[in-house]
């Protein structure tokens, strides 16, 4: 049986508006005996995808929290819901959310506020891929997080088909305390500095394939000193061999006297003149990389992005003064034992919790993962033991 839809009957109060702008308590007043259910479908938008009005929404919602623009847009719903349930032990909320909100830098931007209001995570489903039956299904990697005003009740963590009962859930969605890692510019363990490699912003004009390198040298052997091996993150992971032009300022005239190198320098200048603001700054020095971080020493290298299926972070040891690109991290002037620390299973586990992800792949963060990695001072004997293991691995 169905009731007739006409004439229209009173069907409740309908309010149309932007959930980030409307006062939720105006729409859903919290009366003494009320039972309230609020359902939402927040857009899954990251930092790079927001439109102007959505950026303004975030500025409005987080006006009292300072600069949090790198949060995903869904964080607005967490903030609004946290404010809505504040102070009532019976109230709680949960969202299917982009998994970024519990990874990397975003943890320190939203969760300290929630915890400061005496609220906890009472259940969490760790990252999983979620699609639907839509025609253009652009599945996303999500988590499900439930928040309540703090209580002593048992908490639940779900992963695939497994359920774990715990006393407390960390903002990283593992069993643990409310401890949050913040970005640091120096290692708490006094490890040597890890930096991004050099960046050309050259339109590919300073990069050579092995075939191009051979052609340059065949045509004019004077090109040899200006060509170095070039290693990007993908090159390192997939054993791809590339080279680049690396020309010091005091050698520009000599380099320009070589026809093929001169052609590349001219092409680089034209590219930079027509590209973005940073590129234009370097149009007057088209012979060199825009960001030059290279040192003529041995170096430990590892990619910025790595598959989540790997048990270990892939780490390499460069001994031929190769130029490392900004798609990888590099540690110059380091002792070999550090290779063992970075490539250890312990460090990989630390990375899996502290670094951000692209879907389920890890996007390594120096400021969060490397600089916060707790490694105790060790004796020379221990360093030598690790070093011997490193050399056996490299062999």
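Residue numbers (our numbering): 19 to 413. The C-beta atom is built at its ideal place from N, Cα and C for all residues, glycine as well. Model, not experiment: these values are computed from the prediction.
If you check the beta carbons only, do residue 282 and residue 223 fall under 8 Å apart?
yes
What are the residues that DSSP puts in a beta bridge with residue 226?
261
Tell whether a beta-carbon distance below 8 Å holds between residue 342 and residue 319.
yes
Residue range of the unbroken beta strand (DSSP E) whose run includes residue 376
374–376
Cα-Cα separation between residue 326 and residue 359, rounded to whole angstroms
19 Å
So residue 258 and residue 252 are supposed to be a Cβ contact under 8 Å. How far apart are they, rounded?
7 Å
8 Å CB neighbourhood of residue 89 in its chain, flanking five on each side removed
65, 76, 80, 119, 124, 127, 128
Using alpha carbons as the reference points, say which of 368, 356, 384, 379 lies closest to residue 395.
356
Out of 104, 399, 44, which has the shortest C-alpha to C-alpha gap to residue 167?
104
Identify the continuous alpha helix (DSSP H) that holds residue 126 and give its terminal residues.
122–134
Would you kindly report the start and end of the unbroken alpha helix (DSSP H) that includes residue 96?
93–103
Option nearest residue 418 by Cα separation, candidates 55, 198, 393
Limits of the chain in this structure are 19 at one end and 413 at the other, which puts residue 418 out of reach.
Would you decide whether residue 82 is buried or exposed? Buried here means 16 or more other CB atoms lie within 10 Å of its CB.
exposed
So residue 350 is in the beta strand (DSSP E); what residue range does that whole segment cover?
346–350
Is the beta carbon of residue 146 sitting closer than 8 Å to the one on residue 164?
no
Considering only residues of the same chain and omitting the five flanking positions on each side of residue 216, which have a CB-CB separation below 8 Å?
307, 309, 310, 311, 312, 341, 342, 343, 344
Residue 331 by DSSP, collapsed to three states: which one?
coil
C-beta contact flag for residue 174 and residue 183 at 8 Å
yes
Please state whether the Cβ-Cβ distance between residue 330 and residue 377 is less than 8 Å.
no
How many angstroms separate the CA atom of residue 78 from the CA atom of residue 392?
37 Å
Is the beta carbon of residue 60 less than 8 Å from the beta carbon of residue 95?
yes
Per the DSSP calculation, residue 400 is bridged to which residue(s)?
Partner(s): none; residue 400 has no beta bridge.
Apart from the five residues just before and just after residue 144, which ones in its own chain have a Cβ nearer than 6 Å to its Cβ?
177, 191
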